[in-house]
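A.B. asks: Structure provided below as structure tokens; questions to follow.
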Amino acid sequence: MLITEELLVAGASAGGGYTRRQLELLGVKQVAGWKKAVIGTEISDETAQEFRDLAGSGSKKEKLGAGPVNWCAAATPRDIYLYVLELEEGRFYVGLSDDLDRRWEEHKSGAGAEWTKRYRPLRRIFTINTGTQDTRRAEAMEDEATIALMSEHGIERVRGGHYCQSDQVNTETALRATGAWDRIKQAQAPKTAWNVDASWSDALDEFLNVAVQYYDAGAPENLRDGVFASSYRLTRYRFWREEFAPGLAWDFWNPKGVLPVLLSFKYQRPVSSRLPSSYDVLAAALNRGRGGNHPLRRLFLLTWKAYQPPTTDKQAATVERFMEYLAEDEEYDRRYDDFVSVLLPETRNLLRE
């Protein structure tokens with residue numbers, strides 16, 4: 001991808017600085033004029049991602065929580081403008097700048113961004129003063145504008161903010177990392193004509209079948225939308241309740257999410273896992289959490305209890321010890337309970353106790 005003004009801003013610390021590693025990634029030395037010289041040169045998507053990920057990593061102020069960040073580390077605060085460009089072939093680009101006319105000329109010359117180099121800018125269709133001189137706040141607005149346009153026109157037609165990756169796979173990866181992919185797909189889904197001739201029970205089974213096919217195939221990109229579609233189709237039934245909504249989320253059904261663990265117990269074999277047995281899936285899942293908290297232990301243990309996959313005698317004894325976690329005074333995450341209790345009805349009584 002091309003090095004752009006937005007990329008440099010995204011990688012800057014709160015004080016506008018960069019680490020030595022970041023400069024190495026860009027292939028520059030910290031001399032006067034290096035930013036201007038590097039804009040428009042090309043680096044790989046992986047290098048750009050590492051550059052962004054290192055933002056503020058060398059800054060103590062960043063870790064302590066610094067104040068507002070000036071645009072492009074300017075010595076004085078500047079007004080920041082949000083703009084949307086219409087490009088050829090029905091594409092769009094969302095960006096920020098402190099100088100709209102200069103930025104427009106950069107995009108027209110092919111030096112503005114890789115997306116506007118690939119699809120020629122036709123016109124500037126929207127500009128607004130963000131009302132803030134803080135880069136981080138302006139970037140949040142830019143991301144929201146990008147997500148809104150993606151929801152309307154499709155992810156494949158829009159780039160902007162932190163979602164400027166050159167290819168679709170990396171863009172969707174970035175969207176899923178922030179939860180934006182779920183939002184976009186759910187916004188687009190009502191526009192689709194869904195077939196709801198099947199019964200509610202059949203629709204739930206269809207979701208499970210599509211999900212298992214996705215996991216067993218190695219979770220390929222071309223099957224992912226099918227899993228979302230089969231889950232969202234459930235919302236078209238009169239039995240759907242808002243309490244089921246967490247089950248639509250990527251965090252629930254992604255290959256390393258909650259659903260593959262539960263299905264490893266239902267089908268009594270590892271699902272979306274290279275572990276040798278359902279028992280091993282349970283043991284690994286019980287370690288999920290941070291800071292000594294394991295909010296999903298209850299869901300995993302009660303689902304195991306509902307299906308009781310086969311174990312060796314030694315494993316069975318260990319599972320009994322695992323069950324003692326349920327008596328501990330821990331705050332558990334129950335947001336998936338309602339959906340799981342209808343998706344896997346064998347768990348219903350246990351989850352509702």
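Each step along the sequence shown adds one to the number in the UniProt record's numbering, with nothing skipped, and position 238 is 238.
Each residue gets a CB set at the ideal place from its N, CA and C atoms; glycine is no exception.
#1: What number of angstroms, rounded off, separates the C-alpha of Asp205 from the C-alpha of Phe339?
#2: Could you say if the region 106-113 and the region 130-143 meet the contact criterion of at least three C-beta pairs nearer than 8 Å?
#3: Taking C-beta to C-beta, are Phe228 and Trp200 nearer than 7 Å?
#4: Counting pairs of Cβ atoms below 8 Å between the region 158-169 and the region 92-107, do you hit three or more?
#5: Using beta-carbon positions only, say whether Leu301 and Leu326 come within less than 7 Å of one another.
#6: If you check the beta carbons only, do Ala73 and Ala10 fall under 7 Å apart?
#7: Quick one: complete alpha helix (DSSP H) runs, 4+ long, within the region 17-81?
#8: Is the distance from the Cβ of Arg176 to the Cβ of Trp250 below 7 Å?
#9: Tell me which residues share the same chain as Lys63 and place their Cβ nearer than 6 Å to its Cβ, disregarding the 5 neighbours each side in the sequence.
#10: Is Glu353 helix, strand or coil when you go by DSSP?
#11: Given Thr132, which residues of its chain have a CB within under 6 Å of its CB, disregarding the five upstream and five downstream residues?
#12: Go ahead and label Glu172 buried or exposed: buried means 16 or more other beta carbons lie within 10 angstroms of its beta carbon, across all protein chains shown.
#13: Distance check for Tyr336 and Glu242, CA to CA, integer angstroms please.
#14: Helix, strand or coil: how does DSSP classify Leu299 here?
#15: Short of 6 Å in beta carbon distance, which residues of its chain neighbour Tyr279, apart from the five on each side in sequence? Order them along the chain.
#16: Which residues share a DSSP beta bridge with Asn129?
#17: Any idea if Gly247 is buried or exposed, counting beta-carbon neighbours within 10 angstroms, 16 or more meaning buried?
#18: Under the three-state reduction of DSSP, which class applies to Asn170: helix, strand or coil?
#19: Along the chain, where does the beta strand (DSSP E) containing Leu96 start, and where does it finish?
#20: With 7 Å as the threshold, decide whether the Cβ of Gly154 is near any Cβ in chain D.
C.D. replies: With the structure as the only source:
#1: The sequence position of residue 205 within the sequence shown is 205, counting from 1. The sequence position of residue 339 within the sequence shown is 339, counting from 1. The alpha-carbon atoms of Asp205 and Phe339 are separated by roughly 13 Å.
#2: Counting C-beta pairs with one atom in each stretch, the region 106-113 and the region 130-143 have fewer than three that are closer than 8 Å, which means they do not touch.
#3: The residue you call residue 228 lines up with position 228 of the sequence shown. The residue you call residue 200 lines up with position 200 of the sequence shown. Against a cut-off of 7 Å, the Cβ pair of Trp200 and Phe228 comes out as no contact.
#4: Three or more Cβ pairs drawn from the region 158-169 and the region 92-107 lie within less than 8 Å of each other, which places the two stretches in contact.
#5: Start at 1 with the first residue of the sequence shown, and residue 301 comes out as number 301. Start at 1 with the first residue of the sequence shown, and residue 326 comes out as number 326. The answer is yes: Cβ separation under 7 Å.
#6: Taking the sequence shown and counting its residues from 1, one reaches residue 73 at position 73. Taking the sequence shown and counting its residues from 1, one reaches residue 10 at position 10. No, the pair does not count as a contact, with Cβ atoms beyond the cut-off.
#7: Counting only runs of 4 or more, we get 20-26, 34-38, 45-53, 60-64.
#8: Here residue 176 is taken as the residue at index 176 of the sequence shown, counted from 1. Here residue 250 is taken as the residue at index 250 of the sequence shown, counted from 1. In contact: Arg176 and Trp250 (Cβ atoms closer than 7 Å).
#9: The residue you call residue 63 lines up with position 63 of the sequence shown. Any answer about Lys63 is weak, because its pLDDT of 45 lies below 50 and its placement is not dependable; what the coordinates show is given next. So the list is empty, once near-sequence residues are dropped.
#10: Stepping through the sequence shown from its first residue, residue 353 is reached at position 353. Correct three-state label for Glu353: coil.
#11: Here the question's residue 132 lines up with position 132 in the sequence shown. Excluding residues within five positions, the ones whose Cβ falls inside 6 Å are Ala138.
#12: Here residue 172 refers to the residue found at position 172 of the sequence shown. Taking a 10 Å sphere around the C-beta of Glu172, we find 16 or more other C-beta atoms and assign the residue as buried.
#13: Numbered from 1 along the sequence shown, position 242 holds the residue referred to as residue 242. Numbered from 1 along the sequence shown, position 336 holds the residue referred to as residue 336. Rounded to whole angstroms, Glu242 and Tyr336 show a C-alpha spacing of 11 Å.
#14: If you number the sequence shown from 1, residue 299 lands on position 299. Helix.
#15: Start at 1 with the first residue of the sequence shown, and residue 279 comes out as number 279. Excluding residues within five positions, the ones whose Cβ falls inside 6 Å are Thr311, Gln315.
#16: Here the question's residue 129 lines up with position 129 in the sequence shown. For Asn129, which the question treats as bridged, DSSP gives the partners Tyr81.
#17: To locate residue 247, count along the sequence shown from 1; it is residue 247. It counts as buried.
#18: Here residue 170 refers to the residue found at position 170 when the sequence shown is read from its first residue. The three-state secondary structure of Asn170, taken from DSSP, is helix.
#19: Looking up residue 96 in the sequence shown gives position 96. Going by DSSP, Leu96 is part of the beta strand (DSSP E) stretching over 92-97.
#20: Of the protein chains in this structure there is only one, and it is not chain D.
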